[in-house]
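Visitor: Sharing a structure, written as structure tokens. Questions coming.
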Amino acid sequence: MPIRIPNDLPAFKTLLQENIFVMESDRASGQDIRPLKIGIVNLMPTKIETETQLLRLLSNTPLQVDITLIYTETHLPKNTSWEHLQNFYTTFDKVKDEYFDGIFITGAPVEKLDFEKVNYWGELCHIMEWTKSHAFCTVHICWGAFAGLYYHYGIEKRPLNKKLFGVFPHKVNAITHPLLKGFDDIFFVPHSRYTEISTADIEMNPNLAVLAYSDEAGAYIISDRTSRQIFITGHAEYDRDTLKNEYLRDLEKGIDIEIPKNYFPGNNPDLPPLITWHGHASLMYSNWLNFCVYQETPFDLKELESL
246 MPIRIPNDLP AFKTLLQENI FVMESDRASG QDIRPLKIGI VNLMPTKIET ETQLLRLLSN
306 TPLQVDITLI YTETHLPKNT SWEHLQNFYT TFDKVKDEYF DGIFITGAPV EKLDFEKVNY
366 WGELCHIMEW TKSHAFCTVH ICWGAFAGLY YHYGIEKRPL NKKLFGVFPH KVNAITHPLL
426 KGFDDIFFVP HSRYTEISTA DIEMNPNLAV LAYSDEAGAY IISDRTSRQI FITGHAEYDR
486 DTLKNEYLRD LEKGIDIEIP KNYFPGNNPD LPPLITWHGH ASLMYSNWLN FCVYQETPFD
546 LKELESL
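Take the sequence shown: its position 301, counted from the start at 1, is 546 in the numbering used here, and no numbers get skipped.
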């Protein structure tokens, strides 16, 4: 079934070329069903790339998905045009009285900063608090996961000795959780970060559980006990060349960066990288929409206030 986005959003043409069923807003509004309302708080500077990656994965669902793209008013991105923001995004202030089946809070390239020194931290805290009563399930990605764990549970991120960079094998730690339904014993996920969350800190909190982890990359998926707050430390949404482009960017800046692990064939950056993570990425997002959201969210979203 379709994902519902404006037909002039850059992602529309890309997804259509990939044979992903997308539907123009006018056509979707004529169908007599309630679409899943999903908001994406996009904190990434490369907003078009990030929105396309997430929309691709959110397209695999039996229902319409109505997307709202949100940006922070307290920080304007340098790599996304004002015209794009005006045409396709809204601000939190304009949607704060609405209710959503699900919200995504993306990563951001600010992980070396203390949370309180991020110029939109106050606004993001307001959004994270709001999700508890206005969204059935919130997914935090990479830095967004660290920010969410810190805000909701006071768990601090820790600096790594060097950048965790590459595609790493992971193991399922909660085989009965619906988010991981159909997963293999070993699956791969890209990571690109300078910080980590201690698994011991998570395990000390009785309200949290590690659903999947990597021996090298650490805790990957963390959930609260209600499965309404989910924290994902990696980047299952990444495209084939995302790590490659980050590697070349860092080299160009003169940053001492290692070749991403388990990514280029033969560890040769002159060869095109192989995708080893898209199957499980698609399955995870499909499971989230179908089992964690659609099967559980109230039909009348205003009931979220009383949950």
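Cβ atoms here follow ideal geometry from the backbone N, Cα and C, with glycine treated the same way.
Can you name, in chain order, every residue of its own chain whose Cβ lies under 6 Å from the Cβ of E361, other than the five neighbours on each side?
Guide: Once the five neighbours on either side are set aside, E361 has no close Cβ partner at all.
Visitor: With H, G and I counted as helix, E and B as strand and the rest as coil, what does DSSP make of T335?
Guide: Note: T335 maps to strand in three-state DSSP.
Visitor: When you compare the CB positions of F410 and Y483, do they come within less than 9 Å of one another, or not?
Guide: No. Outside cutoff.
Visitor: From what residue to what residue does the alpha helix (DSSP H) around R494 run?
Guide: T487 to E497 is the extent of the alpha helix (DSSP H) around R494.
Visitor: In the DSSP assignment, find the unbroken alpha helix (DSSP H) run with D446 in it and report its ends.
Guide: Element bounds for D446: T444 to E448.
Visitor: From F544 to H371, what does the alpha carbon distance come to, in whole angstroms?
Guide: Spanning the two alpha carbons is a distance of roughly 25 Å.
Visitor: Helix, strand or coil, according to DSSP, for H525 in the structure here?
Guide: DSSP places H525 in helix when its eight states are reduced to three.
Visitor: Thinking T383 and I350 are a contact (beta carbons under 8 Å), I'd like their distance in whole angstroms, please.
Guide: Rounded, the Cβ-Cβ distance is 7 Å, consistent with contact.
Visitor: Leaving aside the five residues before and after G324 along the sequence, list all residues of the same chain whose C-beta is less than 8 Å from its C-beta, in chain order.
Guide: First, the amino acid is wrong: residue 324 is Asn here, not Gly. Closer than 8 Å at the Cβ level, and outside the excluded window around N324, lie P290, T291 and K292.
Visitor: List the whole-angstrom C-beta distance separating F381 from G347, where the pair is believed to meet the contact cut-off of C-beta under 8 Å.
Guide: About 6 Å separates the two Cβ atoms, so the contact holds.
Visitor: Taking 9 Å as the cut-off, decide whether the C-beta atoms of K416 and D446 are in contact.
Guide: Cβ atoms of K416 and D446: not closer than 9 Å.
Visitor: Do you know offhand how far F509's Cα is from Y398's?
Guide: Taking the straight line from one Cα to the other gives about 37 Å.
Visitor: For T317, which residues in the same chain have their Cβ closer than 6 Å to its Cβ, ignoring the five residues on either side in sequence?
Guide: Excluding positions up to five away in sequence, the list reads Y365 and E368.
Visitor: So within the stretch 283-367, which uninterrupted beta strand (DSSP E) runs reach at least 3 residues, ignoring any that extend past its ends?
Guide: Counting only runs of 3 or more, we get 310-316, 334-336 and 345-350.
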